[in-house]
Amino acid sequence: MPEHVRPDLPPAVGDAVSAFGYGVRVAIIGYIHEHGPATRGQLATALGLVPKTVQFHLTGLTALGVVIPDPPPEQARRGQRTRYEIDAGRVLELYAELGKHLGIGG
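Residues in the sequence shown are numbered consecutively from 1, following full-length UniProt numbering.
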């Protein structure tokens, strides 16, 4: 039996599960939504997490288009603080896709 079973989900549903299927990611999204853009350190302090854990999840959320880094990674200088904000449209899009897949949304 394989160690990890990966069901065949539509790509948008898989993205929604990746975004909302981790408590840390949901906490990050919620914190930024409530308090506005934040740095990795601010998020780590506010959520009681180590910065490396927060960075791992911010990288995943960035790849999914859920958070937007400022400055963008290709423009950031070494040692420069990056602030993250939520792409509310993308969050709503993924949330709707997950709801449709579960038969709960329109």
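All residues carry an ideal CB built from backbone N, CA and C; glycine is no exception.
- Around the Cβ of A88, a 10 Å sphere holds fewer than 16 other Cβ atoms; the residue is exposed.
- Closest option to L92, judged by alpha-carbon separation, among Q80, V66, I104: V66.
- Here D87 carries a coil assignment [DSSP, helix/strand/coil].
- Runs of the beta strand (DSSP E) lying entirely within the UniProt domain "HTH arsR-type" (15–100), each at least 3 residues long, are 67–70, 83–86 in chain order.
- In terms of Cβ geometry, L102 and D15 do not form a close pair [threshold 7 Å].
- If you compare the alpha carbons of R90, L58, P7, K100 with that of A27, the shortest gap goes to L58.
- Here V50 is exposed. Its C-beta has fewer than 16 other C-beta atoms within 10 Å.
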